[in-house]
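Visitor: Count along the sequence shown from 1, add 954, and you get the number used in my numbering.
Here a beta-carbon is modelled for each residue, glycine too, at the ideal position from N, C-alpha and C.
Owing to the predicted nature of the structure, the values given are computational and were not obtained by experimental measurement.
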Amino acid sequence: MNQNSSWKKTEEVEINLLDLLQKLILQWKPILACAIVFACLLGGYKYMRDKGTAETADNSEFIKEIVLTDAEQKSVNTAIKLSEEIDGIEEYLKDSVLMNIDPYHKNRVVLLYSIDDATKKTKQKIVESYLNFLGSGRMLDYIIESDSEKWNMDKSYLAELFSAYQRSDNSYQIIMNDTTAETLIYIETTGKDAEMAKDLAAAVQDALKEYHSTVKESAGEHVLTLLSNEESVRADNDIVTRKHERNTTLASNLTTLKNLTDAFSEEQKAVYENAIKKEGEKQKKVVSAGISKKYILLGFIGGIFVYCCLYACWYLLRDTIKSMAELKDHYNFPFYGGIVLKKGAKGNGQDLSGSQKDAFEREKAQMMNRVRLACQKQGASMICLATDFSLNEQEKECLDSVSKQLKEWGINTVLGENISGNISVWDKLTEAGIVLMVYKIGTTTHQMIDEEMNFYLENDIAVIGAVALESK
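(1) If you draw a straight line from the alpha carbon of Lys1223 to that of Ser1090, how long is it in whole angstroms?
(2) Are the region 1321-1340 and the region 1358-1368 touching by the rule of at least three beta carbon pairs closer than 8 Å?
(3) Please classify Val1392: does DSSP put it in a helix, a strand, or coil?
(4) What are the boundary residues of the beta strand (DSSP E) that Met1336 is part of?
(5) Buried or exposed for Ile1384, please, with buried defined as at least 16 other CB atoms from any protein chain shown within 10 angstroms of its CB.
(6) So is Asp1056 buried or exposed if we call it buried at 16+ other beta carbons inside 10 Å?
(7) Would Asn1366 and Ser1335 be called neighbours here (beta carbons separated by less than 8 Å)?
(8) Between the alpha carbons of Leu1085 and Glu1099, how many angstroms are there, rounded?
(9) Since Val1158 is in the alpha helix (DSSP H), which residue starts that stretch and which ends it?
(10) State the Cα-Cα distance for the pair Ala1157 and Ile1097, rounded to the nearest angstrom.
(11) Measure the C-alpha to C-alpha separation of Ile1415 and Leu1339 and round it to an integer number of angstroms.
(12) Taking all protein chains shown into account, decide if Asn1413 is buried (16 or more other Cβ within 10 angstroms of its Cβ) or exposed.
(13) List the whole-angstrom C-beta distance separating Glu1349 from Leu1423, where the pair is believed to meet the contact cut-off of C-beta under 8 Å.
(14) Do you know how far the Cα of Asp1147 is from the Cα of His1166?
(15) Using the C-alpha atoms, what's the distance from Asp1273 back to Tyr1285?
(16) Hey, out of Met1107, Leu1180, Ala1205 and Ala1420, whose CA is closest to Thr1398's CA?
(17) In terms of alpha-carbon separation, which member of Cys988, Leu1181, Ala1173 and Asn1408 lies closest to Gln1159?
(18) With DSSP collapsed to three states, give me the class of Tyr1290.
(19) When the Cα of Thr1341 is compared with those of Cys1263, Arg1188 and Glu1371, which residue comes out closest?
(20) Looking at Ser1355: is its Cβ nearer than 8 Å to the Cβ of Asn1302?
(21) Within its chain, find whatever has a CB closer than 7 Å to the CB of Leu978; leave out the 5 residues flanking it on each side and keep chain order.
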């Protein structure tokens, strides 16, 4: 080891996701505690917020004491109706697909259907049956049920996107064999774009195929034929007019409402505001009737997620040795194994029993015999057990038992505790001449190892290898 960083196999440290998962599982107690705390906080916050909102909103007793004149009450009623109308217009302009179409580039699909092989007696009944179906709620229900996600809108908005009609003007008649205008049905569909218009046209065709058998049974035998399916883009002055009318009405209502409410007395304002918020207040009171299980569950899951994220960041950003496998894979010096110390147990393992004691003795025996063979190979009769951390009682007991076992094999040891920060133990290093490094998983850092190895190289101190301690 006479070259700089010759003790390293690589400068890169691989992330051991399996080790991270194992350590997260061992953190189940703090994870559970964090989840419970978050569940209580979020559930309590929701309860207090709803309770406070309901209490603030509940001014019904104050409203009951207000007495308005007939003229004042009439003005309030007018303002309430205007407010409701304004809300309706604003909602329509916002949610209606037709009102959000570019009226100068309206995409449309025109379907032309022909009714053939019908008698003169049944022909009119058949045509009226189809026209009635196309303008009915059953047609809308069929389209929505065919794809509830695609047609997730109010029925009134969907009904605006298609129309069915007949042309009686001779200049528009399309002559195919002996077909007349009386048996032709035009269906026009539109949408926010060309794709939506085509999808709606396809849904209408499917609905008519489904309804065909019903008309045959109720109105008479016939054949329903799709003659053409044409796509086009055109300007629609009707949409322009409808938008203009509603925007004009909205602006007028807003102005009228402002003038009315500005002239209200404080009592009128209180009655008016209570009336327009009444439904919302009722809903809030229902919500505040109990603790929200949904928020408690979200808090519980959120607590688990937050703790796991913070722990993972802490795990990944720390420079510590995270596992014994990392020592073996990252460094060139011999690694003889390690001992896992159970929290609360003695360092020599005497108070362990069963499988835990067997595992402790097996790990210790493997490590000790590897160290013994390495010492015999190099002819070392004395080594220094050098740690880069301060030992607790459990770790001291463990290293004392290691020293006793090595002494029985003819290998004396001296303990160099916290070797990098304790100058007084450097004489022990010189006395021993050979160092067995003792690292602690989760405490020893890569920087500590680099500094120690540089120190040993600069002072010609031989390093026989390393062992590790880990607390679980």
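Guide: Inspection of the coordinates gives the following:
(1) 43 Å
(2) yes
(3) strand
(4) Met1336 to Thr1341
(5) The question names Ile, but residue 1384 is Thr in the sequence shown. Classification of Thr1384: exposed, given that the 10 Å Cβ count is below 16.
(6) exposed
(7) yes
(8) 20 Å
(9) Ala1148 to Ala1173
(10) 6 Å
(11) 13 Å
(12) exposed
(13) 6 Å
(14) 29 Å
(15) 15 Å
(16) Ala1420
(17) Leu1181
(18) strand
(19) Glu1371
(20) yes
(21) Cys1262 and Tyr1265
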